Amino acid sequence: PAPPPRPVVEPATRSAELDALLTEFTARWERGEEPCAEEYLDRISPEGAIELIYHEFCLAEAAGIDPDPIDYLHRFPEHRRRLERLFGLHEALGSSHLRRWAEPAPLPEVGDAIGPYRLVRELGRGAFARVFLAEQADLDDRLVVVKVSARASPEPRLLARARHAHIVEVLRHGTADDGALHLICMPFLGGATVAEVLAERSRRGRRPRSGRDLLADLDRVAAREHPGPGASRPAREILKPLSYPRACAWIVARLAEALDHAHRRGVTHGDLKPSNILLTADAQPMLFDFNLAVDWRAAGTEGSTPDGGGTLAYMAPERLQALADPRQAPLPRAADRHRADLYALGLVLRELLTGSAPIVPQRPGVGTRELAAALASVRERGPIWPPSERRLVPAALRAILARCLAPDPIDRYVRAAELAEDLDRWRTDRRLAFAEEPLGACLLRWARRRRRPLAAGLVAVVAGAVAAGLVDRASRGPIRQQALDKLAAILDRSDSGAIRYQQASLGPEPAAVDPAALALRHLERYEVLAADDWRLRAEVRALPPEDRLDLEAWILEQAWRLAEAMRQRPESPGDWRRALLALERAAGPSPPGPIETQRQALHQQLGLPDPPPAAHVRAPRWLEAYLRGVEAEADHPREAMRWYGESLALRPGGFWPHYRAAATAYRLGEYAAAVNHLEACIARRPENPTLRGQLAGCLFEVNRLDEALKTCDQAVLLDPDVPEVYRTRAFIRGRLGQAEGLEADLDRFALLTRVQGKVPALLARLDLMLTGGPGLGVAPVDRADLPRRILAAAPERADVRTVIAWQHCREGRWEEALAELDQALDAAPDHFRARFQRALLLHRLRPDEATNDFLTLIGDPRFEEIAGRDHRALRAFHLASEGLLRRRQVDQALDLARRGLASADRLGASLGESEYALARALAVAAQDNPNAEPLAAHHLQRACHLNPVYTRWFAQEPLLIDRPLVERLIRKASASPSAP
Numbered sequence: 002p003a004p005p006p007r008p009v010v011e012p013a014t015r016s017a018e019l020d021a022l023l024t025e026f027t028a029r030w031e032r033g034e035e036p037c038a039e040e041y042l043d044r045i046s047p048e049g050a051i052e053l054i055y056h057e058f059c060l061a062e063a064a065g066i067d068p069d070p071i072d073y074l075h076r077f078p079e080h081r082r083r084l085e086r087l088f089g090l091h092e093a094l095g096s097s098h099l100r101r102w103a104e105p106a107p108l109p110e111v112g113d114a115i116g117p118y119r120l121v122r123e124l125g126r127g128a129f130a131r132v133f134l135a136e137q138a139d140l141d142d143r144l145v146v147v148k149v150s151a152r153a154s155p156e157p158r159l160l161a162r163a164r165h166a167h168i169v170e171v172l173r174h175g176t177a178d179d180g181a182l183h184l185i186c187m188p189f190l191g192g193a194t195v196a197e198v199l200a201e202r203s204r205r206g207r208r209p210r211s212g213r214d215l216l217a218d219l220d221r222v223a224a225r226e227h228p229g230p231g232a233s234r235p236a237r238e239i240l241k242p243l244s245y246p247r248a249c250a251w252i253v254a255r256l257a258e259a260l261d262h263a264h265r266r267g268v269t270h271g272d273l274k275p276s277n278i279l280l281t282a283d284a285q286p287m288l289f290d291f292n293l294a295v296d297w298r299a300a301g302t303e304g305s306t307p308d309g310g311g312t313l314a315y316m317a318p319e320r321l322q323a324l325a326d327p328r329q330a331p332l333p334r335a336a337d338r339h340r341a342d343l344y345a346l347g348l349v350l351r352e353l354l355t356g357s358a359p360i361v362p363q364r365p366g367v368g369t370r371e372l373a374a375a376l377a378s379v380r381e382r383g384p385i386w387p388p389s390e391r392r393l394v395p396a397a398l399r400a401i402l403a404r405c406l407a408p409d410p411i412d413r414y415v416r417a418a419e420l421a422e423d424l425d426r427w428r429t430d431r432r433l434a435f436a437e438e439p440l441g442a443c444l445l446r447w448a449r450r451r452r453r454p455l456a457a458g459l460v461a462v463v464a465g466a467v468a469a470g471l472v473d474r475a476s477r478g479p480i481r482q483q484a485l486d487k488l489a490a491i492l493d494r495s496d497s498g499a500i501r502y503q504q505a506s507l508g509p510e511p512a513a514v515d516p517a518a519l520a521l522r523h524l525e526r527y528e529v530l531a532a533d534d535w536r537l538r539a540e541v542r543a544l545p546p547e548d549r550l551d552l553e554a555w556i557l558e559q560a561w562r563l564a565e566a567m568r569q570r571p572e573s574p575g576d577w578r579r580a581l582l583a584l585e586r587a588a589g590p591s592p593p594g595p596i597e598t599q600r601q602a603l604h605q606q607l608g609l610p611d612p613p614p615a616a617h618v619r620a621p622r623w624l625e626a627y628l629r630g631v632e633a634e635a636d637h638p639r640e641a642m643r644w645y646g647e648s649l650a651l652r653p654g655g656f657w658p659h660y661r662a663a664a665t666a667y668r669l670g671e672y673a674a675a676v677n678h679l680e681a682c683i684a685r686r687p688e689n690p691t692l693r694g695q696l697a698g699c700l701f702e703v704n705r706l707d708e709a710l711k712t713c714d715q716a717v718l719l720d721p722d723v724p725e726v727y728r729t730r731a732f733i734r735g736r737l738g739q740a741e742g743l744e745a746d747l748d749r750f751a752l753l754t755r756v757q758g759k760v761p762a763l764l765a766r767l768d769l770m771l772t773g774g775p776g777l778g779v780a781p782v783d784r785a786d787l788p789r790r791i792l793a794a795a796p797e798r799a800d801v802r803t804v805i806a807w808q809h810c811r812e813g814r815w816e817e818a819l820a821e822l823d824q825a826l827d828a829a830p831d832h833f834r835a836r837f838q839r840a841l842l843l844h845r846l847r848p849d850e851a852t853n854d855f856l857t858l859i860g861d862p863r864f865e866e867i868a869g870r871d872h873r874a875l876r877a878f879h880l881a882s883e884g885l886l887r888r889r890q891v892d893q894a895l896d897l898a899r900r901g902l903a904s905a906d907r908l909g910a911s912l913g914e915s916e917y918a919l920a921r922a923l924a925v926a927a928q929d930n931p932n933a934e935p936l937a938a939h940h941l942q943r944a945c946h947l948n949p950v951y952t953r954w955f956a957q958e959p960l961l962i963d964r965p966l967v968e969r970l971i972r973k974a975s976a977s978p979s980a981p
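Plus 1 on top of the position in the sequence shown (first one is 1) and you've got this note's numbering.
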């Protein structure tokens, strides 16, 4: 039978529905997601839209973002008039209720007293709430946990209703500061969150083997203020003798019982994840943070409450789809949300067992909806078990997880009590009641229960097998270690060339390395060009599965890079044949698409017949996506990021997709994304000092200076002879004002780079002078002379000449600045910054000569990448269009102005000058073609509404000689906004 028709949901005009939506929106901001109002506008009425837009503005302001009202007027032109009035009121009423709502009462800090509570230590924080360990003065300073929020929440009421042995209870709740702050007091139970325990496991790099090991990890990170386990500690006694998988099963079974209890009382959690699960000092698992919980007993809630958000990494597919496309998603019911909680709990169990957190595809610049859609498409295929994880999780537990993580909610457990029952049955070696148990697991259980009769008959056979196995294991042990040592020599040594630094600003020019020679050197390490299959060698087969997959990706990448470099060598058939051999030996019978493309191109260059079609067995999709990213990275970095994200969605733990994504994100100036990817790399290669040095540089860019300094210290401990680590640490100290340590780092950098002469050390000081901290690293007497000293030793340094030119410009010495830039471009014709600075200077001095420079910049394949990092580069479009108009090349000028506006819109830059440049070009066209006048008026109107100064510019525009036309366009621009 056909499913019942989906009920029509009217826009949320009623206050209850709008309040629910605003609560969801606020909760997402508290988690740091920064959602946009556009994601919700299709769910609310026009009146509600105004409130939501203003709500976003106030949340951004309260979070310290300093939002610009003009941006909101541009984003929501259909609400412009009402928003202008609202923002005007917001600005005018500095001490009003409106302002107090926009800027909620400041949250307390450690050391403050609020009511009877003295705040001792901060345990966690969000944008609008903080959690503290506190002393309760009216009860003999007992230790409690206090959550202080600037927003009201139903959490205390729902926690009281869902009271359970494995849910943290509420002792007391109330308000402070005349109701501006909301308090929840909870017992202090010691211990640590599951997230903290998992982090300790990752830090130690050892998987627990037993419940005893799990308890040891818990004790290492447990809250120091708690006295520790009490005399009665049944949970510890249960966990201690269990194997690690059975200990995890016991913990999650207890959490499932708590979820089931809450569900029967009309409450679903909504944000289950390791950081919201506490293991107390007594090792009791406890659910907490019901901030996103839904009260299904409230009148009208069933079937009418929108999904209240959550954490993407732990969301079920149907919740991700609802987030990706709210219009197509039915509103969830209590049973739906309960099964979504079970999915999240399944992910927590899997993470406990494997140590691997669920990965959200990294797609910088992509909104929450697109990320949710991408993750949903991955999860709709069901759970995937890589060999490295399969061996960690017993077959029957995988069957339980398959039921929890089923893409269709119908296929999951109906209630959490069923999950708890199956976990307890597996832990006590009984048949599963609700999940389909594999035959092999049933046979093993049968054998365990009949082990005595079977044992005697197997003794002789087992003895022989054990002896053979010991001999084999004894021989494989050294081989495996040798294989790991060889891989580490490539990946973890700073001099191997596999992982190289990128310079964000000034720095020593990288040594001229022939990419073909470098790729060939890497391939020779594993004798890829030899006749036998490199994959079958002991040094490859002995590697752990994940390392083996990473090695394959790296070798195929080197073969691709070798072919790409060799193909550029003219009339070199010998080199072309060697590249073709490398491709065929590296990839084998099923080459990924980019390898096949190179193979066909080399066949054509050599005049060979087309290669035979590849085998029907396709390369793994993650590997195909990774090599597509390598192929796109040089000229299309954003496309490369999409490919790397797809590769990681298919194989979340891949080292090389994470590393190449980090390098590409760094190029694009997306440093936070680079941090995330590098942290994933370090989780795989914790002994790599270069990775830690690069991470420190990215942390510096996002102003996480204490973490950056600590990361540099760790890199130095791993290898004290990586010069770039000291250079990076000097910059960090410069920003922190640590002059003494800074000098020591600069001296060490100079020592380690002395074979390159004095230039690297001088460049480090110059770069520090420009970006790291004035007055640090450079004596005042050297400030003007330092660039000249560098040029005396390295006259080809175009970047240093741009610094000197900049200094001349500040002093009004325009012609001298131009001469320096000319010399810089003589030395490095492709130096983007020098050409852009020269074009701007020429535009000031001799505008007609600047146009060609601007056109050269726009044609540079790096232009989009550079403009993405620095929107000022978009002025090249505006000024080139102006120059073409002076030449009377109106059609070309119009094309450039349109491209400039499109680029500014795509990159999220300010649109005012781009709108003006297009209006100007259209107005010039309208002097000969009246049909262009309406569109000119439209774009001038948009420019002037973004910034009224453009009205004056337009009135004085020398390119417009038809003054009546100018006056008509200005009158039209002064009218209300209209469609073109």
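We put the CB at the ideal spot given by N, CA and C, even for glycine.
These numbers come from a predicted model, not from an experiment.
Asked, Found
"What residue ranges within the stretch 369–406 form continuous alpha helix (DSSP H) runs of no fewer than 4 residues, ordered along the chain?", "369–380, 388–391 and 396–405"
"Would you give the residue range spanned by the alpha helix (DSSP H) that Arg734 belongs to?", "Pro724 to Leu737"
"Ordered along the chain, which non-local residues of its own chain (more than five positions away) have a Cβ less than 7 Å from that of Ile54?", "Ala38, Tyr73, Phe77, His80 and Leu84"
"Could you check whether Ala263 and Ile168 sit closer than 8 Å to each other, using their CB atoms as the reference points?", "yes"
"Out of curiosity, what's the CA-to-CA distance linking Pro155 and Pro109?", "21 Å"
"What residue does the alpha helix (DSSP H) around His879 start on, and which one ends it?", "Arg876 to Arg887"
"Since Lys148 is in the alpha helix (DSSP H), which residue starts that stretch and which ends it?", "Element bounds for Lys148: not the alpha helix (DSSP H) but the beta strand (DSSP E), Arg143 to Ser150."
"Report the three-state DSSP secondary structure of Arg652 (helix, strand or coil).", "coil"
"Buried or exposed for Ile733, please, with buried defined as at least 16 other CB atoms from any protein chain shown within 10 angstroms of its CB.", "buried"
"Using 10 angstroms around the beta-carbon of Glu437, count the other beta-carbons present and answer buried if the total reaches 16, otherwise exposed.", "exposed"
"Could you say if the stretch 371–386 and the stretch 419–437 meet the contact criterion of at least three C-beta pairs nearer than 8 Å?", "no"
"To the nearest angstrom, how far is it from the Cα of Gly608 to the Cα of Ala517?", "22 Å"
"Measure the beta-carbon distance from Leu324 to Leu288 and round it to whole angstroms, keeping in mind my assumption that it falls under 8 Å.", "Rounded, the Cβ-Cβ distance is 23 Å, inconsistent with contact."
"For a quick check, are the C-beta atoms of Gly192 and Leu280 less than 8 Å apart?", "yes"
"Between the alpha carbons of Ala1 and His75, how many angstroms are there, rounded?", "As shown, the chain starts at 2 and ends at 981. That puts residue 1 outside it, with no answer to give."
"Taking the C-alpha atoms as reference points, what is the distance between Arg876 and Glu916?", "12 Å"
"My guess is that Phe833 and Arg814 are in contact by the Cβ rule of under 8 Å, so how many angstroms apart are they, rounded?", "Incorrect: roughly 23 Å between the Cβ atoms, too far for contact."
"On the CB-based measure, 16 or more other CB atoms within 10 Å of its CB, does Arg972 come out buried or exposed?", "exposed"
"Sort Ala835, Pro230 and Glu226 by Cα distance to Val145 and report the nearest one.", "Glu226"
"Name the DSSP beta bridge partners of Gln957, please?", "DSSP lists no partner for Gln957."
"Do Leu822 and Arg887 have their CB atoms nearer than 8 Å?", "no"
"Would you mind giving the Cβ-Cβ distance between Cys699 and Tyr667, rounded to the nearest angstrom? I have them listed as a contact below 8 Å.", "7 Å"
"Can you tell which of His637, Val676 and Cys682 has its C-alpha closest to the C-alpha of Pro658?", "Cys682"
"Alpha helix (DSSP H) containing Arg839: first to last residue?", "Phe833 to Leu846"
"Looking only at its chain, what residues have a beta carbon closer than 7 Å to the beta carbon of Arg603, apart from the 5 residues adjacent to it on each side?", "The sequence shown places Leu at residue 603, not Arg. Cβ within range, chain order: Ala564, Arg568, Trp577, Ala580 and Leu581."
"Using 8 Å for Cβ pairs, my map puts Leu557 next to Leu628. What's the rounded Cβ distance?", "6 Å"
"In terms of alpha-carbon separation, which member of Ala400, Glu371 and Asp861 lies closest to Pro384?", "Ala400"
"Could you spell out where the beta strand (DSSP E) holding Thr176 opens and where it closes?", "Arg173 to Ala177"
"Find the nearest neighbour of Leu624 within the set Gly655, Pro209 and Asp611, judged by alpha-carbon distance.", "Gly655"
"What are the boundary residues of the beta strand (DSSP E) that Leu134 is part of?", "Ala130 to Gln137"
"Give me, in chain order, the residues of the same chain whose beta-carbon lies closer than 7 Å to that of Arg899; leave out the 5 immediate sequence neighbours on both sides.", "Leu919"
"By the 10 Å Cβ neighbour count, where 16 or more other Cβ atoms means buried, how is Arg730 classified, buried or exposed?", "buried"
"Applying the 10 Å Cβ sphere with the 16-neighbour rule, what's the burial state of Glu422?", "buried"
"Under the criterion of a Cβ to heavy atom distance below 7 Å, does Ala580 qualify as lining the ligand NAD?", "No copy of the ligand NAD appears in this structure; indeed no ligand is present at all."
"To the nearest angstrom, how far is it from the Cα of Ala881 to the Cα of Glu671?", "28 Å"
"Gly112 to Val132, Cα distance in whole Å?", "13 Å"
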